Amino acid sequence: MANPDVVLVGFGWTGAIMAERLTAAGLNVLAIERGGWRDTPNTFATTFDQDELRYMWRHHQFENVAHDTLTFRNNAGQVALPMRRLGSFLPGTGVGGAGIHWNGQVWRYLPTDFAVRSHNLKRYGASAIPPDMTVQDFPVTYDELEPHYDTFEYLCGISGKAGNLNGKIQPGGNPFEGWRSREYPNPPLDMTYGPTLFASAATEAGYHPFVHPAANMSRAYTNPLGAQLGECTYCGFCEKFGCGNYSKASPQTTILPILMRRPNFTLLTNCEVTKIELDPGKTRATGVIYVDGKGQTQFQGAEVVMLTAYILHNVRLLLTSSIGKPYDPKAGTGVIGKNYAYQITSSVNVFYDDKIINPFIGAGALGMIIDDFNGDNFDHSGLGFIGGGYIGVVNTGARPIETHPTPDGVPAWGSAWKKSIAENYLKTVSIATHGAVMSHRGNYLDLDPTYTDTYGRPLLRMTFDFTDNEHRMSDYLTDRATDVAKRMGAREVQAKKRAGSYSVVPYQTTHNTGGAIMGDNPKTSAVNRYLQSWDVSNVFVQGASAYPQNAGYNPTATLAALAYWSADAFLNHYQKSPGPLVHA
Amino acid sequence: MPTDHLTRRRILASGTALSSGIALLSAKAQPFTTYPNIPTDQADRPVPADPLQGYLFFTPTEALFVEAAVSRLIPKDGLGPGALECGVAVFIDRQLAGPYGQGDHFYLKGPSPNGEATQGWQMPKPADVYRAAITEVNRYTNDAHGGDFARLAVDRQDEILKSLESGSAKLKGGIDSKAFFTLLLQNTMEGFFADPLYGGNREMAGWKLIGFPGARYNNRPFVTQHGQAYPLPPVSLNGRPDWTRS
Chain A
2 MANPDVVLVG FGWTGAIMAE RLTAAGLNVL AIERGGWRDT PNTFATTFDQ
52 DELRYMWRHH QFENVAHDTL TFRNNAGQVA LPMRRLGSFL PGTGVGGAGI
102 HWNGQVWRYL PTDFAVRSHN LKRYGASAIP PDMTVQDFPV TYDELEPHYD
152 TFEYLCGISG KAGNLNGKIQ PGGNPFEGWR SREYPNPPLD MTYGPTLFAS
202 AATEAGYHPF VHPAANMSRA YTNPLGAQLG ECTYCGFCEK FGCGNYSKAS
252 PQTTILPILM RRPNFTLLTN CEVTKIELDP GKTRATGVIY VDGKGQTQFQ
302 GAEVVMLTAY ILHNVRLLLT SSIGKPYDPK AGTGVIGKNY AYQITSSVNV
352 FYDDKIINPF IGAGALGMII DDFNGDNFDH SGLGFIGGGY IGVVNTGARP
402 IETHPTPDGV PAWGSAWKKS IAENYLKTVS IATHGAVMSH RGNYLDLDPT
452 YTDTYGRPLL RMTFDFTDNE HRMSDYLTDR ATDVAKRMGA REVQAKKRAG
502 SYSVVPYQTT HNTGGAIMGD NPKTSAVNRY LQSWDVSNVF VQGASAYPQN
552 AGYNPTATLA ALAYWSADAF LNHYQKSPGP LVHA
Chain B
1356 MPTDHLTRRR ILASGTALSS GIALLSAKAQ PFTTYPNIPT DQADRPVPAD
1406 PLQGYLFFTP TEALFVEAAV SRLIPKDGLG PGALECGVAV FIDRQLAGPY
1456 GQGDHFYLKG PSPNGEATQG WQMPKPADVY RAAITEVNRY TNDAHGGDFA
1506 RLAVDRQDEI LKSLESGSAK LKGGIDSKAF FTLLLQNTME GFFADPLYGG
1556 NREMAGWKLI GFPGARYNNR PFVTQHGQAY PLPPVSLNGR PDWTRS
């Protein structure tokens, strides 16, 4: 195939967004996706979608680690071993990526989340940021991204309530959020019992509960591209599942019906890009190498290559393609793999004797939240940490293999367990905390020296642990959640702090970030403010790999906003004059 | 800008069994919603468990162990049937005989040294784990108590399960007793609470125990009925037994 204007590597949210924007501008775009075609009637129809065993526990819509995984260790003193099965995070594979099985929790970062280093230094002084905490400011501001957040929210038909319209605080919304230029496109979802009980207690405690912004439709919606979504049925098979009802925003429901008809778009499925090819000077990408579904290695030329895969694959492709200097944690030099971060979560269970909660009625982002302890929404003086997170009750649907709330002291099996689960399943509310992870010198990604994937490429190696900052912050959030829980009139409250080292075993979040971070200096970042590689100017790296650290919010809306921001810069500037968009 | 070579709308799907029927979408394609080349009969439906009686994977000795163990993990009692009565032993057998047991979603390349708990599963595929571990548990109970696990009194079985759970039972053959117990308990819970089409959760007894209504598609009428008991009985992906005449 002759060189398209742009080759996209991976076809989830950022791939679909870039493809739509670039083809709308008349460019020829080829997307190369390692997995297969997926759509609602064939892949996650209502007739078979609600299958907890198959999709959650047998991973039938997730990345298959039999072919490719990563190795993991908590610190450089350990030998990294393969993550032999998925657990802590659940990346996708195939058309739509993780955008099929996400919850639809759509958050904007706070304005101060884009200035974590400068803001905290200014407010709390030099001691606020320990020497090994390698946080950096984003090289883009909230104000610059606001129009792009808005575009994504209207694309997705987000159900919610604005808290800050053009600087004016709105009753019922999140009073801490950054300004937004207009109301959400859809009203909030109807609310189940558990979140309502939480919100009442949080209000009594003096906090500011509001409805979780959701990519689950509170009513039928037609988005600006003309794609139609249906009203959510609260079936509870949303988080970790596809939606058979066209009620959850995904590439399939919001973009593909329009994009696939465009003559200047081509999609190659079951083809995995293994390397970006560079010219002899290593300053320009000439195309990509991929392995097709028959196992044949192919070359595809390209004018521009955009990495639009999951962050872990973006970073590995940069490393295996020798684009950018790999990060060295000892010397503190290099950029590729630097500032890998994640999310830290905890929970507080609230057990009732007299209240039927029906926790199986749910949607991926159906809940009530307080943001009083996120980011820098509260005074951190004397607390010993920076950052924060949100606290709330989200009824995602209590699937019965996964959801076994029992009080402390109850064994995990036997008649006592059986009696306890029978008594508590319908009468338990779980409060979640969802905290930021700051970047740290010792948390990074590089290539594993021992293990390889199905094509013989080295696996990515993840070196990561929670630091004191995360534990102090998460414990603080858990204590605040416990305060609210104790006001909820329950029989018993059970706090589950996130203790000890990070583990890849229990599910936490699919919110991996960093490794190809954006910045204003090529010595400390992999890409510039438009997500363009500092080293190879016709390579762009989309996605959460660009985050210098992870905020206390789900990452999808921000990576989508960055994709729209990057697309604008590409079309308005790069296309007119190919080359570096920022001169260091 | 646009090149002549790429003015047609195409999906190129190459190779695998799943996509071999997709092939090229021709030019002048139909509107997206009437995809002529991805017919609905390619729906990725689940594969139900073979309903025939008898074990496909377990040997008779292994089956005795699993039946006895799952009977203790979720016992039959005054609250209703236990794991054995719900078909959990058959469920695990079918799982191990199928792709899961063969590790279709596990990374299995070596080397496999023992790691930290935070590094997760470092064992072979699930079928191999069961085969090796059951042998070693029975060796352990024969050494300590003079018989296979399944032949011991239930109190003794509970004691042994607790020692597997805590890891205090030291098994031979490099078997990590705690990791095996974790797997056995997880698979038991799966069999008790998964959709009945996989052979466990017979008559949706697991769901009835806790009040989960199953594959209910539309909960809209009940969202704001706070504190009210859910009025509908559970339903499986294959419907309900009372939907058919027997």
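Line by line, the protein sequences are chains A and B. Start counting the first sequence at 2; every next residue gets the next number (the numbering used here). Start counting the second sequence at 1356; every next residue gets the next number (the numbering used here). We put the beta carbon where it would ideally sit given N, CA and C, even for glycine. Predicted, not measured: the structure shown is a model, and the values here were computed from it.
Taking 6 Å as the limit between beta carbons, can you name the residues of its chain near residue i, skipping five residues before and five after?
i        : result
A:Gly11  : Thr309 and Ala310
A:Leu23  : Val7 and Val30
A:Thr455 : His68
A:Gly98  : Gly13
A:Phe1   : No answer is possible for residue 1 of chain A: the residues shown for chain A start at 2 and end at 585.
Note down, in chain order, each residue of its chain lying with its Cβ closer than 8 Å to the Cβ of residue i, except the 5 sequence neighbours on either side.
i        : result
A:Thr204 : Pro210
Could you tell me the boundaries of the alpha helix (DSSP H) in which residue i lies?
i         : result
B:Gly1546 : Ser1532 to Phe1548
A:Met19   : Trp14 to Ala25
A:Ala433  : A:Ala433 -> not in any alpha helix (DSSP H); beta strand (DSSP E) instead, spanning Thr429 to Gly436.
A:Thr420  : Rather than Thr, the amino acid found at residue 420 of chain A in this sequence is Lys. Its alpha helix (DSSP H) spans residues Gly415 to Asn425.
B:Gly1563 : It is Lys, not Gly, that sits at residue 1563 of chain B in the sequence shown. Ala1560 to Ile1565 is the span of the alpha helix (DSSP H), which, as asked, contains B:Lys1563.
A:Gly37   : First-last for A:Gly37: undefined, no H or E at that position.
A:Val117  : Val117 to Tyr125
A:Tyr452  : Element bounds for A:Tyr452: not the alpha helix (DSSP H) but the beta strand (DSSP E), Tyr445 to Thr453.
Give the residues of chain A in contact with residue i, contact being defined as C-beta atoms less than 7 Å apart.
i         : result
B:Gln1583 : Ile357
B:Val1509 : Simply none; closest approach about 10 Å.
B:Val1578 : Asp191, Thr193, Tyr235 and Ile362
B:Asp1531 : Correct list: empty, because the minimum Cβ distance to chain A is about 13 Å.
Quick one: list the residues of chain B neighbouring residue i, beta-carbon separation under 8 Å, in chain order.
i       : result
A:Glu53 : Phe1548, Ala1549 and Asp1550
A:Met84 : Tyr1462, Gln1474 and Gly1475
A:Ala77 : Per Cβ cutoff of 8 Å: no residues; A:Ala77 is ~14 Å from chain B at best.
Could you tell me which chain A residues have their CB closer than 8 Å to the CB of residue i, listed as they occur along the chain?
i         : result
B:Leu1564 : Lys419, Ile422 and Ala423
Between residue i and the rest of its own chain, which residues show a CB-CB distance below 7 Å, the 5 nearest in sequence each way excluded?
i         : result
B:Gly1376 : Because B:Gly1376 carries a pLDDT of 33, less than 50, the predicted location of this residue cannot be relied on, and no value is offered for it.
B:Gly1522 : Ser1532 and Lys1533
A:Ala20   : Leu9, Val30, Ala32, Leu260 and Phe266
A:Thr479  : Ser347, Val349, Thr434, Ala496 and Lys498
A:Trp38   : Val96 and Thr270
B:Ser1518 : Ala1524
A:Arg488  : Ala202, Glu205 and Ala206
B:Pro1436 : Ala1560
B:Gly1569 : Met1559, Trp1562, Pro1589, Val1590 and Ser1591
How would you write the range of the beta strand (DSSP E) that residue i sits in, first residue to last?
i         : result
A:Phe266  : Phe266 to Thr270
A:Val141  : From DSSP, A:Val141 is part of no beta strand (DSSP E); its letter is neither H nor E.
A:Asn350  : Ile345 to Phe352
B:Gln1580 : First-last for B:Gln1580: undefined, no H or E at that position.
A:Pro601  : Nothing can be reported for residue 601 of chain A: it is not among the residues displayed for chain A, which extend from 2 to 585.
A:Gln301  : Thr298 to Gly302
Going by C-alpha distance, which of the options is nearest residue i?
i         : options                                       : result
A:Gly231  : A:Met519, A:Ser248, A:Asn217 and A:Thr510     : A:Ser248
B:Pro1454 : B:Gln1408, B:Pro1403, B:Asp1510 and B:Leu1434 : B:Pro1403
B:Leu1526 : B:Glu1545, B:Ala1487 and B:Arg1557            : B:Ala1487
B:Glu1520 : A:Ser431, A:Ala413 and A:Thr44                : A:Ala413
A:Ile587  : A:Glu278, A:Thr94 and A:Thr47                 : Residue 587 of chain A lies beyond the stretch modelled for chain A, which goes from 2 to 585, so this question has no answer here.
A:Arg492  : A:Ala116, A:Lys356, A:Phe242 and A:Phe361     : A:Lys356
A:Glu147  : A:Cys272, A:Thr193, A:Arg109 and A:Glu403     : A:Arg109
A:Tyr445  : A:Pro581, A:Ala77 and A:Asp293                : A:Ala77
A:Val537  : A:Leu257, A:Pro579 and A:Met463               : A:Pro579
A:Ser89   : A:Glu154, A:Leu563, A:Val107 and A:Thr70      : A:Thr70
A:Gly243  : A:Ile402, A:Asp50 and A:Gly227                : A:Asp50
A:Ala216  : A:Thr15, A:Gly158 and A:Pro186                : A:Gly158
Output, in chain order, the set of chain B residues within a Cβ distance shorter than 7 Å of residue i.
i        : result
A:Phe361 : Phe1567 and Pro1568
A:Ser416 : Pro1430 and Asp1432
A:His120 : By Cβ distance, chain B contributes nothing, its closest Cβ being about 32 Å from A:His120, past 7 Å.
Mind pulling the chain B residues with CB within less than 9 Å of residue i?
i       : result
A:Gly88 : Gly1475 and Trp1476
Residues of chain A with a CB under 9 Å from the CB of residue i: which are they?
i         : result
B:Gln1512 : The premise fails here: B:Gln1512 is roughly 11 Å from chain A at the closest Cβ pair, so nothing lies under 9 Å.
B:Ile1471 : Looking at the sequence provided, one finds Glu at residue 1471 of chain B rather than Ile. In chain order: Arg74, Asn75, Gln79, Leu82, Ser502 and Ser504.
query = Which of the residues in the region 424-442 of chain A, read from start to end, lie with their CB under 8 Å from any CB of chain B?
reply = Tyr426 and Leu427
task = Report the residues of the region 481-503 of chain A with a CB closer than 9 Å to any CB of chain B, ordered along the chain.
result = Gly501, Ser502 and Tyr503
task = Compile a chain-ordered list of the residues in the region 1487-1508 of chain B whose CB is closer than 7 Å to at least one CB of chain A.
result = none
ask   = What are the residues of the region 1404-1437 of chain B that lie near chain A, defined by any Cβ-Cβ distance shorter than 7 Å?
value = Closer than 7 Å at the C-beta level to chain A, one finds these residues of the region 1404-1437 of chain B: Arg1427, Leu1428, Ile1429, Pro1430, Asp1432 and Leu1434.
Interface residues of the region 288-310 of chain A facing chain B [CB-CB below 7 Å] = Asp293, Gly294 and Lys295
Selection of the region 394-408 of chain A by Cβ proximity to chain B, strictly under 7 Å = Pro401 and Ile402
inquiry  = Against chain B, which members of the region 20-43 of chain A pass a CB distance test of less than 8 Å?
reply    = Gly27, Leu28, Asn29, Leu31, Gly37, Trp38, Asp40, Pro42 and Asn43
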